[in-house]
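All remarks here apply to the structure that follows.
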Amino acid sequence: EAGVTQFPSHSVIEKGQTVTLRCDPISGHDNLYWYRRVMGKEIKFLLHFVKESKQDESGMPNNRFLAERTGGTYSTLKVQPAELEDSGVYFCASSQGWGNLHFGNGTRLTVT
Amino acid sequence: DQQVKQNSPSLSVQEGRISILNCDYTNSMFDYFLWYKKYPAEGPTFLISISSIKDKNEDGRFTVFLNKSAKHLSLHIVPSQPGDSAVYFCASDTGNQFYFGTGTSLTVIP
Numbered sequence: 008e009a010g011v012t013q014f015p016s017h018s019v020i021e022k023g024q025t026v027t028l029r030c031d032p033i034s035g036h037d038n039l040y041w042y043r044r045v046m047g048k049e050i051k052f053l054l055h056f057v058k059e060s061k062q063d064e065s066g067m068p069n070n071r072f073l074a075e076r077t078g079g080t081y082s083t084l085k086v087q088p089a090e091l092e093d094s095g096v097y098f099c100a101s102s103q104g105w106g107n108l109h110f111g112n113g114t115r116l117t118v119t
Numbered sequence: 029d030q031q032v033k034q035n036s037p038s039l040s041v042q043e044g045r046i047s048i049l050n051c052d053y054t055n056s057m058f059d060y061f062l063w064y065k066k067y068p069a070e071g072p073t074f075l076i077s078i079s080s081i082k083d084k085n086e087d088g089r090f091t092v093f094l095n096k097s098a099k100h101l102s103l104h105i106v107p108s109q110p111g112d113s114a115v116y117f118c119a120s121d122t123g124n125q126f127y128f129g130t131g132t133s134l135t136v137i138p
């Protein structure tokens, strides 16, 4: 089975620009999570979708971040406008029910 | 506020010896713990887990120990192999979200 895929793998943008990250979970996985790792710190929770509904978005840093999961399949995470502190690796993960998380390889975002 | 802590950012071990990675947590409500392994440029992959009703779980060369009273868990790898060199993340699953530690970078020296 195909794993969790994320696109792009790298993105370099200037402060104030917009970036959209995409995640395709494993087919059939209802749970989709976004995480972020900044500068070697912990992998921090951003939000959790169950199908197309946001189950928990308590980790979203501010309203510059918008996540969607239309139709309960792939998800996008948009950062608009990007700030320097948004730089980091954004991981998407999916799971079926209470199963263990399956992570994508991440998108490395650099804001200059 | 970090609820899962890995206080050792790095560890070096000789091949064949035991690697011990430690993790502490602060939330007494946590009842399920996992270890993930991460290679460079890849996402974390699940390694082993333990429920709070147990104090030990073993899978091949990997054993996780849980000390609930001390809010401490550890991952033992024995014997360590060069392919085990990676960053190891401790995590707790509350059923709604996972909390991760900062990771410990393990280097196994041939």
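Protein sequence lines correspond, in order, to chains A and B. According to this note's numbering, the first sequence is numbered sequentially starting from 8. According to this note's numbering, the second sequence is numbered sequentially starting from 29. Cβ coordinates follow ideal geometry from the N, Cα and C atoms, glycine included.
Kindly indicate which three-state DSSP category residue i falls into: helix, strand or coil?
i      : result
B/D25  : Any property of residue 25 of chain B remains undetermined from this structure, which presents chain B solely from 29 to 138.
A/L108 : coil
A/G95  : strand
State the beta-bridge partners of residue i as determined by DSSP.
i      : result
A/E75  : A/T83
A/T114 : A/Y97
B/S102 : B/N50, B/F93
A/F14  : A/R29
B/T132 : B/Y116
B/Y64  : B/F74, B/F117
Identify the continuous beta strand (DSSP E) that holds residue i and give its terminal residues.
i      : result
B/R45  : Element bounds for B/R45: n/a, residue is neither H nor E.
B/Q125 : First-last for B/Q125: undefined, no H or E at that position.
A/Y40  : 38 to 44
A/I33  : Per DSSP, A/I33 belongs to no beta strand (DSSP E) and is neither H nor E.
A/K61  : 60 to 63
B/T73  : 73 to 79
B/K82  : Run containing B/K82: none; DSSP gives neither H nor E here.
A/H51  : Reading the sequence as shown, one finds Lys at residue 51 of chain A and not His. Run containing A/K51: 50 to 57, per the beta strand (DSSP E) assignment.
Using a beta-carbon distance below 7 Å, is residue i in contact with chain A?
i      : result
B/P72  : yes
B/P129 : The sequence shown places Gly at residue 129 of chain B, rather than the Pro named in the question. Yes, contact with chain A.
B/Q125 : yes
May I have the straight-line CA-CA distance separating residue i from residue j, to the nearest angstrom?
i      : j      : result
B/S79  : B/N55  : 15 Å
B/P138 : B/V106 : 14 Å
B/E43  : B/V92  : 20 Å
A/I33  : B/F58  : 27 Å
B/L62  : B/L101 : 10 Å
A/E92  : A/V86  : 12 Å
Closest Cβ-Cβ distance between residue i and chain B: below 7 Å?
i      : result
A/F98  : yes
A/H55  : yes
A/E64  : no
A/E59  : no
A/G35  : no
A/F52  : yes
A/G111 : yes
A/E49  : yes
A/N107 : yes
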